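Novice: All the letters of the sequence shown, read from the start, carry residue numbers -26 to -1, 1 to 73 under mature numbering (1 follows the signal peptide of the UniProt record, and there is no 0).
Even for Gly, the Cβ is constructed at its ideal location relative to N, Cα and C.
As the structure is a prediction and not an experimental result, all values here were calculated from the model.
Questions regarding the structure given below will be posed in turn.
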Amino acid sequence: MKPQTVAALLLLLVCAMVTLHPVVSGKRPRCTEEDKAHVLKECGHYTRHGHPKELPHKHSPCCKAAEGHDMQCIVDLLTNDERREYEQAAIIALEEACD
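Here it is as structure tokens:
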């Protein structure tokens, strides 16, 4: 095989692995604008800038809203205004706190 063909095949293989990884691993739960809005509504007390650093109880409405969602995905959907209002690290921490 020519070196260009090998390089093209390797690049294709790497792209396929990166693209398929979340699907194959099953780690990426659904994440929609509605999911984001529900999490922000129910978990605002725990995630807004300037609020006390406390974690929600596992059976709280916040944890029920966060259940089954990838919090990094929720953070990725934040608008610039929402990023100024909510602490991204606090949103991500919900995944472990509510586990």
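1) Output the distance between the C-alpha atoms of Glu28 and Ala39, rounded to the nearest integer angstrom.
2) Only counting runs of 4 or more residues, tell me where the alpha helix (DSSP H) segments fall wholly within the segment 9 to 70, in order along the chain.
3) Exposed or buried, which one is Cys17 when buried takes at least 16 other CB atoms within 10 Å?
4) What separation, rounded to the nearest whole angstrom, lies between the Cα atoms of Thr6 and His23?
5) Just to confirm before moving on: does the CB-CB distance between Ile48 and Asp9 stay below 8 Å?
6) Taking the straight line between their C-alpha atoms, what separation do you get for Thr21 and Tyr60?
7) Can you find the residues in the same chain that come closer than 7 Å, C-beta to C-beta, to His25, ignoring five residues on each side of it along the sequence?
Specialist: The answer reads as follows:
1) The C-alpha of Ala39 is placed about 17 Å away from the C-alpha of Glu28.
2) Whole alpha helix (DSSP H) segments, 4+ residues: 35 to 40, 45 to 50 and 54 to 59.
3) Counting the other Cβ atoms within 10 Å of the Cβ of Cys17 gives 16 or more, which makes it buried.
4) Straight across, the Cα-Cα distance linking Thr6 with His23 is about 23 Å.
5) Using a Cβ distance threshold of 8 Å, Ile48 and Asp9 count as a contacting pair.
6) In this model, Thr21 and Tyr60 are separated by some 5 Å (Cα to Cα).
7) For His25, where only same-chain residues beyond five positions count, the Cβ hits under 7 Å are His19.
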